[in-house]
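Start counting the sequence shown at 0; every next residue gets the next number (numbering that gives the first Met the number 0). Step one of this worksheet: look at the structure below.
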Amino acid sequence: MRMTTLQIDFHVHSEGSYDGHEPVELILEHAADIGLDAVVITDHDVIHESTRAADLAADYGLIGIPGVEVSTAHGHLLAIGVEEMPPRRAPYEETVAWIRDHGGVAIVPHPFQRTRHGVRKKNIPDVDAIETFNAWLFTGYKNQRARRYAEAYGYPTVAASDAHTLPYVGRAYTEITIPEADRTAVTSADVLTAIREGSTAVQGRRAPVPMAARHYAIGAARKSGYYAKEGTLQTAAYARFGTLKSGSLIKTGVEKGLRGVGKLLAAVR
């Protein structure tokens, strides 16, 4: 049977998030450079940059999948495949139901890590998947605990970078297997179905030093190039604005001067 295997990072933050730093164009370009098939922007409690990234994804050869990391009453929750914001601060179970009602999948990010708003075990209802490898964690204990929980309850598992800066994008990712499908024909809906069916594999082991160095080097170079370009455009814009403003001030000064002369001549008469 023909299979298509995709590499997807389901948990990435852009500058749309209060703690993110990178524009989505830069993230998409970098994701394509390092061989990912999709990257899901999951900003905190805002979805506008994610839907924009999903619309732009095809321009970079990527599959467009929107998403958001929503704050619930019991901790954070990834809503993957939705195009509008879920209700904030609602109970975890209600938020999961809302996500499913809107065609998405509900994934528990960094569970049990309370310092990062991870949900407690007692508050996890029936969900679609568990994030069992989060590259942002500095020790493996919570990832191991998440994996044991997913295995015990039969949940599909995913890995993600939880990147807030460009070099971390793709540091961990999920392999999604889709039967009888060409890569060019795969849609966001196919990916969501694969998650629900458990056709996932976690790729979250620490990368070998050469691979990590390559990711960081590509990210640093891409970022420098992007901001150099943006800086040039911004400088040109400021220069144009400065010229227009100077012209306006000169014009205003001349007009004021003429009015002053007119008043002086009227007084002499």
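Each residue gets a CB set at the ideal place from its N, CA and C atoms; glycine is no exception. Note that the structure is predicted; figures quoted are calculated from it, not measured.
> If you compare alpha carbons, which of S70, V104, Y172 and P85 is closest to T131?
Replying inline: Y172
>> Am I right that G63 and A56 are in contact with their C-beta atoms under 8 Å? What's the rounded C-beta distance?
In response: 3 Å
>> Quick check: the Cα distance between R115 and A149, rounded to an integer number of angstroms?
In response: 19 Å
>> Output needed for G118: all residues of its chain with C-beta closer than 8 Å, excluding positions within five of it in sequence on either side, in chain order.
In response: The amino acid at residue 118 is misidentified as Gly; the sequence shows Val. The answer, listed in chain order, is T71, H73, G74, H75, L76, Y91, V107, P110 and F111.
> Beta carbon of V23, beta carbon of R51: below 8 Å?
Replying inline: yes
> Short check: CB of G19 to CB of D42, under 8 Å?
Replying inline: yes
> In terms of DSSP beta bridges, what is F9 paired with?
Replying inline: Answer is none; F9 lacks a bridge partner.
> Is G15 buried or exposed, if buried means 16 or more other CB atoms sit within 10 Å of its CB?
Replying inline: buried
>> Quick check on I178: does DSSP put it in helix, strand or coil?
In response: It is Pro, not Ile, that sits at residue 178 in the sequence shown. P178 falls in the strand class under three-state DSSP.
>> Less than 8 Å between the beta carbons of I123 and A145, yes or no?
In response: no
>> Ignoring anything shorter than 3 residues, give me the beta strand (DSSP E) runs that lie fully in the stretch 110–176, in order along the chain.
In response: 128–133 and 156–159
> What is the C-beta distance between V11 and I46, in whole angstroms, given that I count them as a contact (C-beta under 8 Å)?
Replying inline: About 14 Å; that fails the 8 Å criterion.
>> Given this structure, state the Cα-to-Cα distance separating I79 from E68, to the nearest angstrom.
In response: 9 Å
>> Less than 8 Å between the C-beta atoms of I26 and L165, yes or no?
In response: yes
>> Let me check one thing: in DSSP terms, what residues is T71 bridge-paired to?
In response: G74
>> Below 8 Å on the Cβ atoms is my contact criterion, and I expect Q202 with A158 to pass it. Report the Cβ-Cβ distance as a whole number of Å.
In response: 6 Å
>> Between which residues of its own chain and E82 is the CB-CB distance below 7 Å, once the five residues before and five after are set aside?
In response: T50 and P65
> From E93 to D100, what distance separates their C-alpha atoms?
Replying inline: 10 Å
> If we count the other Cβ atoms within 10 Å of its Cβ and call it buried at 16 or more, is R170 buried or exposed?
Replying inline: buried
>> Please state the DSSP three-state secondary structure of H101.
In response: coil
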